[in-house]
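*Asks:* Start counting the sequence shown at -12; every next residue gets the next number (this note's numbering).
Here a beta-carbon is modelled for each residue, glycine too, at the ideal position from N, C-alpha and C.
Submitted below is the structure of interest, expressed as structure tokens.
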Amino acid sequence: MPLQPKNKTRAIIFNALSPILIVLVFGGVVAPSYVYLLQPRVQLYLNGGELNLKAIREKLTDREQYLADLKSFHAFYEERGAQGNDALSVLLPLVPDNESLFGFFEEIAPDGVQLEAIDIAPQLPKKGKQTIQNITVALSYVGVQYETLKLLLGALETNKRLIDVDSFSFDPVGRLATLTVKLYYAQARK
């Protein structure tokens, strides 16, 4: 049975547009699939990607150089740190000397400033191969004015021993300063 003229026109238009529709449907499926599924995986292996062999080799070379630098520093420290009167042992003592900390912090206080309280937080040695440990110390000074606070912080900053000031507060009315500092020491090898 022959097609009606109305259906014949539709068939001709459909035959003419079917390649375009196929390309649009194919492109509508393939393009998003590439962009969302394949392209992120391919990008890992291109320049700058995480799995790029050249980038991995550069990172490995950098880390090997860093390790070599650390080993040389460690050898230097082992050689120099064995001497008890060395400046390096003042910077980073081999054992935590909690008993002498009260005198140490009282000694660095400027004139007119008194160490009121010291609280040494007990530190458990960290697990692993870390050789540098820290001690947290809370200090309270009385008789502090703005000028003497600057001198106290300057004394902590210029001291030979490695000290980090974590926090401090200053009450100018009560002339009270509280500080939290971290001191470091090298864990003795057994």
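Check Y32 in the structure and name its three-state DSSP category.
*Replies:* Y32: coil per DSSP, three-state reduction.
*Asks:* Answer yes or no: do L143 and V152 have a C-beta to C-beta separation smaller than 8 Å?
*Replies:* Going by C-beta atoms, L143 is nearer than 8 Å to V152.
*Asks:* Sort out for me which residues DSSP pairs T165 with in a bridge.
*Replies:* Paired residue(s): S127, S156.
*Asks:* Excluding five sequence neighbours on each side, which residues of the same chain lie with their C-beta closer than 7 Å to the C-beta of L31?
*Replies:* Closer than 7 Å at the Cβ level, and outside the excluded window around L31, lie E37, L38.
*Asks:* Taking 8 Å as the limit between beta carbons, can you name the residues of its chain near D158, skipping five residues before and five after?
*Replies:* Here the set comprises A164.
*Asks:* Does DSSP put Q(-9) in a helix, in a strand, or in coil?
*Replies:* Q(-9) falls in the coil class under three-state DSSP.
*Asks:* So V124 and L170 are supposed to be a Cβ contact under 8 Å. How far apart are they, rounded?
*Replies:* The pair is a contact, with the Cβ atoms about 6 Å apart (cut-off 8 Å).
*Asks:* Are the CB atoms of V100 and T48 nearer to each other than 8 Å?
*Replies:* Cβ distance not < 8 Å, so V100 and T48 don't count as in contact.
*Asks:* In three-state terms, what does DSSP make of D84?
*Replies:* In the structure shown, D84 sits in coil (DSSP, three-state: anything other than H, G, I, E or B).
*Asks:* Which residues in the same chain as L88 place their Cβ atom closer than 6 Å to its Cβ, once the five residues preceding and following it in sequence are excluded?
*Replies:* Closer than 6 Å at the Cβ level, and outside the excluded window around L88, lies no residue.
*Asks:* Grab the span of the alpha helix (DSSP H) containing A96 for me, first residue to last.
*Replies:* Run containing A96: none; DSSP gives neither H nor E here.
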